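Those protein sequences? They're chains A and B, same order as listed.
If you read the first sequence in our numbering, its first letter stands for residue 1, the second for the next number, and so on.
If you read the second sequence in our numbering, its first letter stands for residue 1, the second for the next number, and so on.
Even for Gly, the Cβ is constructed at its ideal location relative to N, Cα and C.
All values derive from a computational prediction rather than experimental measurement.
First comes the structure, then the notes that go with it.
2 protein chains.
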Amino acid sequence: MADPLSTRAREIATVARDVLEREGPDALTMRRIAEVMGIRAPSLYKHVPGKDALEVAITIAGFEEAAAGFEAATDGAADPLAAFVGAYRAFARRHPHVYRLMTDRPLPRADLPPGLEERTAAPLQRATGSPARARAAWAFIHGMVLLELTHRFPEDGVTEQAWQVGIAAMQREA
Amino acid sequence: MADPLSTRAREIATVARDVLEREGPDALTMRRIAEVMGIRAPSLYKHVPGKDALEVAITIAGFEEAAAGFEAATDGAADPLAAFVGAYRAFARRHPHVYRLMTDRPLPRADLPPGLEERTAAPLQRATGSPARARAAWAFIHGMVLLELTHRFPEDGVTEQAWQVGIAAMQREA
DNA sequence: TGACGAAGCTAACGGTGTTAGCCAATGTAG
DNA sequence: CTACATTGGCTAACACCGTTAGCTTCGTCA
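Next comes the structure, spelled out in structure tokens:
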């Protein structure tokens, strides 16, 4: 399933990601991607097996960028947990549509480069010290990010307090 | 926008909810809903303005059921926070597709019965004591539920530990 | 020169939400 | 009782979606 993508296929995946980030998930259509590339939709299938494969490619690129960001932020940080939260939140804010694509559905684990999932999870694992604490912390951060992205919270200062409350609780826990 | 639904419209909304719960979001199609009702898709539009309105109706029904469950669970409970978590998790497990529909997108606040959002949020508000703590707790619970629903966690006992860790952290916080 | 593969194209299929317009049944007013 | 309007079905169709089939055009290489 995970054939390494040809050069042209990687171009398509890059355009797909751009379209998603700039125009949102509704615009992520084969016809729109093709239009941006100056070709017709069916031609994409000479290079890519289908839309799903493009979404997987975007997901992989997202995880790689996220993992690198998490590592850079936490590496040698005085407060690794706070640093992780900052990096996680920054990634989700910078790439909200990609973040949703990465997290809304079950992970296509069979198509992911081996070790990528673990690599992405490792910085939080190290910052919290135990798998259970890592999962709880991840849930809090993921939940906060999603509730912010879906405009669930009133836009007041209370949300910032909630971040602090949650981080403090995790600190004391760790 | 929020005309009160006619009898037939409420029937349609009920069928729509059944289809969503039983067959998943991909099956939630105007043609499928019509098929279950024994009519053709365009006839639905004699009663309902469009698919969006049905999704809003399902969302409202979901919030009303959830709010009632939260109230029943926390009312007079020895440990209101734990009781709330149990009720929240139970609702999400019992109606995973409805839960996703309710939380994946921005709330259609203009079409919601006045006070419903606040009513749903109130039990957690009471259990945590402050808006900031309520938001943090909600984020944790929402994140845990979603990560479970999207099979993000390995299915081992650690997830149950993570629930306990998170609840304990919120307890101490409150 | 001739064969062949790569990479584009158009046409089309079955699916989606939705609109237009028709028609039969029903209920109501004169 | 008749005449009319409203209700609630219907079919046909549109624009969009992902995708497939099949054609063509071009560059490479024997």
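Please confirm if residue i has its CB atom under 8 Å from at least one CB of chain A.
{"i": "B/Q161", "result": "yes"}
{"i": "B/V56", "result": "no"}
{"i": "B/A34", "result": "no"}
{"i": "B/T7", "result": "no"}
{"i": "B/T59", "result": "no"}
{"i": "B/H151", "result": "yes"}
{"i": "B/L28", "result": "no"}
{"i": "B/L101", "result": "no"}
What residues in its chain sit with their C-beta under 6 Å from that of residue i, if we drop five residues either side in the sequence?
{"i": "B/P108", "result": "V56"}
{"i": "B/A41", "result": "M30, R31, A34"}
{"i": "A/M102", "result": "T59, G62"}
{"i": "B/A162", "result": "none"}
Near residue i, what residues of its chain come up, given a Cβ to Cβ distance below 7 Å and the 5 sequence neighbours on each side ignored?
{"i": "A/H97", "result": "L20, E21, G24, P25"}
{"i": "A/L112", "result": "I60"}
{"i": "B/A83", "result": "A73, T74, A77"}
{"i": "B/W138", "result": "L124"}
{"i": "B/E155", "result": "none"}
Residue i touches chain A at which residues, Cβ-Cβ below 7 Å?
{"i": "B/V98", "result": "Correct list: empty, because the minimum Cβ distance to chain A is about 16 Å."}
{"i": "B/V48", "result": "The contacting residues do not exist; B/V48 stays about 22 Å from chain A at best."}
Return the chain-ordered list of same chain residues with a C-beta closer than 8 Å to the C-beta of residue i, the five sequence neighbours on each side being excluded.
{"i": "A/A120", "result": "Note that residue 120 of chain A is Thr in the sequence shown, not Ala. These residues qualify, in order along the chain: F63, A66, A67, F70."}
{"i": "B/E117", "result": "F63, L107, R109"}
{"i": "B/Y99", "result": "G62, F91, A92, V145, L149"}
What does residue i reach in chain B if we use C-beta pairs closer than 8 Å?
{"i": "A/A169", "result": "A136, A169, M170, R172, E173"}
Run down chain A in chain order and give the residues with a C-beta less than 8 Å from the C-beta of residue i.
{"i": "B/T14", "result": "Those within 8 Å of B/T14 in chain A number zero; the least Cβ separation is about 26 Å."}
{"i": "B/F140", "result": "A136, A139, F140, G143, G166"}
{"i": "B/E147", "result": "Before going on, a small fix: residue 147 of chain B reads as Leu here, not Glu. Going along chain A in sequence order, the residues near B/L147 (Cβ under 8 Å) are R135, W138, A139, H142."}
At 7 Å on the CB atoms, spell out the chain B contacts of residue i, in chain order.
{"i": "A/P106", "result": "T150, H151"}
{"i": "A/L112", "result": "The contacting residues do not exist; A/L112 stays about 13 Å from chain B at best."}
Cβ of residue i less than 8 Å from any chain B Cβ?
{"i": "A/V19", "result": "no"}
In the stretch 114 to 135 of chain B, which residues sit with their C-beta less than 7 Å from some C-beta in chain A, listed in chain order?
Listed in sequence order: P131, A132, R133, R135.
Note down, in chain order, all residues in the stretch 74 to 96 of chain B with a beta-carbon under 7 Å from any beta-carbon belonging to chain A.
For the stretch 74 to 96 of chain B, the set of positions with a beta-carbon nearer than 7 Å to some beta-carbon of chain A is empty.
Item checked: Contiguous alpha helix (DSSP H) assignments of at least 4 residues, all confined to the stretch 18 to 55 of chain A -> Complete alpha helix (DSSP H) runs here, min 4: 30 to 37, 41 to 44.
In chain order, which continuous runs of the alpha helix (DSSP H) of length 4 or greater are located wholly inside the stretch 73 to 126 of chain B? The stretch 73 to 126 of chain B contains, as complete alpha helix (DSSP H) runs of 4+ residues, the segments 80 to 94, 96 to 104 (chain order).
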